[in-house]
Amino acid sequence: MILIDVDPHKSSHTAVAVDAAGHQVAQRRFAVNAGTFNQVMRRCEQWPESRFAVEDARGLGRTLAQQLAAAGENVVDVPSTLSARARLLATGGDRKTDANDARRVAQVALFRQDLQPVSLRTRPRSCGC
């Protein structure tokens, strides 16, 4: 099983694929545009047994997470607070990069069994307005 972890931003999404032991097997940055979902799916075809973990799937990652769920993919939401804690606990003085952030999403998704699955009924995060 390959876990594909996504660190979403307004203009790009960074995806990192890791194996069950947490070893990175691939990394790619995708520009956010009308073709992002298709690009992600083409890149991930090589791993038919995969699961997606999207940071903030109710916020910045919502569009991609919803598209993945609509395509029948197994998707979980990794709250930003959990990936931020994983960053704080990381050792080795890693620089903050989108790829490192995606790896932290992977760490959370690999070891937390209580993450919420994304479905077409998953509501967006409330802005508190």
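When you line the sequence shown up against the numbering used here, it's residues 888 to 1016, in that order. We put the CB at the ideal spot given by N, CA and C, even for glycine.
For residue 948 and residue 992, what's the separation of their Cα atoms in angstroms? Translated into the one-based positions of the sequence shown, residue 948 becomes position 61. Translated into the one-based positions of the sequence shown, residue 992 becomes position 105. Within the model, the alpha-carbon separation for residue 948 versus residue 992 is close to 12 Å.
Looking at residue 995: is its Cβ nearer than 8 Å to the Cβ of residue 970? In the sequence shown, the residue the question calls residue 995 occupies position 108. In the sequence shown, the residue the question calls residue 970 occupies position 83. Taking a C-beta distance under 8 Å as the contact criterion, residue 995 and residue 970 qualify as a contact pair.
So, are the CB atoms of residue 895 and residue 943 less than 8 Å apart? On the sequence shown, position 8 is the one that residue 895 refers to. On the sequence shown, position 56 is the one that residue 943 refers to. Judged by beta-carbon spacing, residue 943 lies within the 8 Å limit of residue 895, meaning their Cβ atoms are closer than that value.
Please work out which residues of its chain come closer than 7 Å, Cβ to Cβ, to residue 1017, disregarding the five sequence neighbours upstream and downstream, and give them in chain order. Missing from the structure shown is residue 1017; the chain here goes from 888 to 1016 and no further.
Would you mind stating whether residue 940 and residue 890 have Cβ atoms separated by less than 8 Å? Stepping through the sequence shown from its first residue, residue 940 is reached at position 53. Stepping through the sequence shown from its first residue, residue 890 is reached at position 3. Against a cut-off of 8 Å, the Cβ pair of residue 890 and residue 940 comes out as a contact.
With residue 926 as the anchor, note down where its alpha helix (DSSP H) starts and where it stops. One-based indexing of the sequence shown puts residue 926 at position 39. 923-931 is the span of the alpha helix (DSSP H), which, as asked, contains residue 926.
Rounding to the nearest angstrom, what Cα-Cα distance links residue 923 and residue 917 in this structure? Taking the first residue of the sequence shown as position 1, residue 923 is located at position 36. Taking the first residue of the sequence shown as position 1, residue 917 is located at position 30. Approximately 6 Å between the Cα atoms of the pair.
Can you grab the Cα-Cα spacing for the pair residue 897 / residue 919, in whole Å? Residue numbering aside, residue 897 sits at position 10 when the sequence shown is read from its first letter. Residue numbering aside, residue 919 sits at position 32 when the sequence shown is read from its first letter. So the alpha carbons of these two residues sit roughly 7 Å apart.
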